[in-house]
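Take a look at the structure set out below.
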């Protein structure tokens, strides 16, 4: 029974990671769009920082998902 609970927890965690990855991909696209359309120099810096932040989050989530897939 405990093995089933652990497997369910892993599956639920995996599903949450995948959902978070999809949300981050949308945020990444939004950051690219915002950067392309901005003209104020202060906002350009803001969107560059946002883009870098979202890219790092995307890489982290992708690595976490790959690690889970390899461990199964």
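Numbering (my numbering), first residue to last: 233 to 304. Where is the CB? At the ideal position from N, CA and C, for every residue including glycine. Keep in mind it's a predicted model, so treat the numbers as computed, not measured.
Using three-state DSSP, classify residue i as helix, strand or coil.
i: residue 286; result: helix
i: residue 272; result: coil
i: residue 304; result: coil
Around the C-beta of residue i, are 16 or more other C-beta atoms found within 10 angstroms, so that it is buried, or is it exposed?
i: residue 295; result: exposed
i: residue 279; result: buried
i: residue 286; result: buried
i: residue 247; result: exposed
i: residue 293; result: buried
With hydrogens ignored, establish whether the beta-carbon of residue i is closer than 7 Å to any heavy atom of the ligand MG.
i: residue 283; result: Questions concerning the ligand MG fall outside what the structure shown contains, since it holds no ligand whatsoever.
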